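Quick notes on the structure that follows.
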Amino acid sequence: MRVAAICFALLAVLVSGAAAAPLTSSFSAGLLGVLSGKPKLIFGAKKTFKIVSFSDMHFGEGEDVDWGPQQDVNTSHVHSVVLDNERPDFVVFNGDLLTGENLFKENATKYLDQVWAPTVERNIPFASTHGNHDNSFNITHEEEINYEIAQHGKTLSYTRSDVGARPYGLGNYWVPVYAKASDVKPAVILWFFDSRSFVTGEAGPVPAAADYYWVDENTVPTYIEEQSALMKRVWGSLPRALVFVHIPVQKADDLAPLPSAGDHDDEPDPSAQGFLNNVYTGLDLPFWNAVVSHLNGGPYGGNVLAVTSGHDHGESWCARSTDSSGIPICFNGHSGYGGYATTHSQVRNGRAFELKLSDLVKKSPTVRSWNSYEDCTTNEHVILGPHYMPQYNDVAR
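Counted the way mature numbering (1 follows the signal peptide of the UniProt record, and there is no 0) counts, the sequence shown spans residues -20 to -1, 1 to 377.
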């Protein structure tokens, strides 16, 4: 595990960052990711940082029948195999950790211990987003986040809540990763967003029966704008970005027909953000536009390495085109034995990202990604960046 032994306290920000601009403590305190009190994540001796992302585990599904607990055992085996083969520096649980509608309130959060167990046993730091099945009658995103922080917030978990509607959509935050422990500016920022969804409760103008949802359009775009502006003021420029959100943005539907490597089983109509009663509302666009404008530096800005989602179990590809403003959109595939399975997702997987410092410092950065399977194979290796799928992009640089 490559975690610096020292914490990045506010005093260090003020002293080390003095060369960039005169800073007041109140201004620096707005950089929420560096003030989390967590040990600094750093690149290793080979100047690489590997992430494995799991999604759609659906623990706790059918706990009162024989096949339910066995599914959870099988899912833990998937994670153990992938983690031992990839040996990542960081793990992301990218939503639908649980099948919330099948859980009892008295033991709902305890299933999270099974979700994290293979990662915790290997002492790997991690963070979570949450999905539509993580909000239900007996469980909410807020309860899951609070439980994770209580269990592992002082050790391995980097999950927190910076902004968002409670209790269904508050899991929006960022985590910095540094080239070395003494650095002030991160080499890359891991951004985590909450695509919400709920099956009970009140949600203002949105009917309580809405099943699929979108990142909060009222708070998150402003959060992205303000945090990215602070980063540029404190650090001089915006670090590279890697984005995780459970339900994919609607732009993923535009990329689905393209001939990208990986599974395409949920097409022609994979589920995406912004739909209400099967009608597209466009309410995911404030979030997406903020990602394009403020994290990517505009269309074809090149700063966002990828936006990665789960939700559609039969999708495990990465693609980019003019429809996504040149930003690669990736799918995790299916990392668990709970939830529905498709023809080509019978062998479960996690998605790996290998970040190299030499690739991140380029004018047009790149990141390597592939799917790592429970049968110890890897496949769908791609290099995401300006030269990935150039035939579908008007601008390649």
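Ideal placement from N, C-alpha and C gives every residue a C-beta, glycine not left out.
Bear in mind that the values here come from a model prediction, so they are computed numbers and not experimental data.
{"Asked": "Output the residue ranges of the beta strand (DSSP E) runs that lie fully inside the stretch 202 to 283 and measure 3 residues or longer, sorted by chain position.", "Found": "220 to 225"}
{"Asked": "Less than 7 angstroms separating the beta-carbons of L285 and L222?", "Found": "yes"}
{"Asked": "Given a cut-off of 7 angstroms on the beta-carbon distance, is the pair H113 and T79 in contact?", "Found": "yes"}
{"Asked": "Which runs of the beta strand (DSSP E) at least 3 residues long sit entirely within the stretch 341 to 366? Give them in chain order.", "Found": "347 to 353 and 358 to 364"}
{"Asked": "Thinking C-beta only, is T139 closer than 7 angstroms to F224?", "Found": "no"}
{"Asked": "Following the continuous beta strand (DSSP E) through N54, name the residue where it begins and the one where it ends.", "Found": "Counting along the chain, N54 falls outside any beta strand (DSSP E), though it belongs to the alpha helix (DSSP H) covering W47 to E66."}
{"Asked": "Identify the continuous alpha helix (DSSP H) that holds N152 and give its terminal residues.", "Found": "Where N152 is concerned, there is no enclosing alpha helix (DSSP H), although the beta strand (DSSP E) it sits in stretches over G149 to Y158."}
{"Asked": "Within 8 angstroms, do at least three Cβ pairs link the stretch 15 to 31 to the stretch 322 to 342?", "Found": "yes"}
{"Asked": "According to the neighbour-count rule (16 or more other Cβ atoms, all chains shown, within 10 Å of its Cβ), is H361 buried or exposed?", "Found": "exposed"}
{"Asked": "Rounded to whole angstroms, what is the Cα-Cα separation between G111 and P98?", "Found": "21 angstroms"}
{"Asked": "Using a Cβ-Cβ cut-off of 7 angstroms, state whether W297 counts as contacting chain C.", "Found": "Absence of chain C from the displayed structure is noted, only one protein chain being present."}
{"Asked": "DSSP three-state label for P166, please.", "Found": "coil"}
{"Asked": "I need the straight-line Cα distance from L12 to V272, nearest angstrom please.", "Found": "21 angstroms"}
{"Asked": "By the DSSP assignment, the beta strand (DSSP E) with A145 in it spans what residues?", "Found": "V143 to A145"}
{"Asked": "Which residue wins for smallest C-alpha separation from S305, given the options F255, D142 and A270?", "Found": "A270"}
{"Asked": "Does DSSP put V71 in a helix, a strand or coil?", "Found": "strand"}
{"Asked": "What is the rounded straight-line gap between the Cα of V200 and the Cα of S175?", "Found": "11 angstroms"}
{"Asked": "Put L83 into one of helix, strand or coil per three-state DSSP.", "Found": "coil"}
{"Asked": "Closer than 8 angstroms is the cut-off here; do at least three beta carbon pairs connect the stretch 352 to 369 with the stretch 69 to 76?", "Found": "no"}
{"Asked": "With a threshold of 16 other CB atoms inside 10 Å of the CB of K90, please say whether the residue is buried or exposed.", "Found": "exposed"}
{"Asked": "Just to confirm my understanding: we take E247, look at its own chain, exclude 5 residues before and 5 after, and list those with CB closer than 6 angstroms. What are they?", "Found": "A236"}
{"Asked": "P250 and D292: beta carbons closer than 7 angstroms?", "Found": "yes"}
{"Asked": "Alpha carbon to alpha carbon, how far is P370 from A1? Give it in angstroms, no decimals.", "Found": "Here A1 scores only 32 on pLDDT, less than 50, and its place in the model should not be relied on; the value that follows carries that caveat. Distance between the alpha carbons of A1 and P370: 39 angstroms."}
{"Asked": "Does the distance from the C-beta atom of I22 to that of Y127 stay below 7 angstroms?", "Found": "no"}
{"Asked": "Spatial neighbours of residue 387 within its chain, please: C-beta separation below 6 angstroms, excluding the five flanking residues on both sides.", "Found": "The chain is shown only over -20 to 377; residue 387 falls outside these bounds and no answer can be derived."}
{"Asked": "Roughly how many whole angstroms lie between the Cα atoms of S108 and N152?", "Found": "10 angstroms"}
{"Asked": "Taking all protein chains shown into account, do 16 or more other C-beta atoms lie within 10 angstroms of the C-beta of I307, making it buried, or fewer, making it exposed?", "Found": "buried"}
{"Asked": "Whose C-beta lies closer than 6 angstroms to the C-beta of S60 among residues of the same chain, with five residues either side of it excluded?", "Found": "P98"}
{"Asked": "Let me know if S5 comes out buried or exposed under the rule of 16 or more other beta-carbons within 10 Å of its beta-carbon.", "Found": "In this prediction, S5 scores a pLDDT of 30, lower than 50, which makes its location untrustworthy; the coordinate-derived value is nonetheless stated afterwards. Exposed."}
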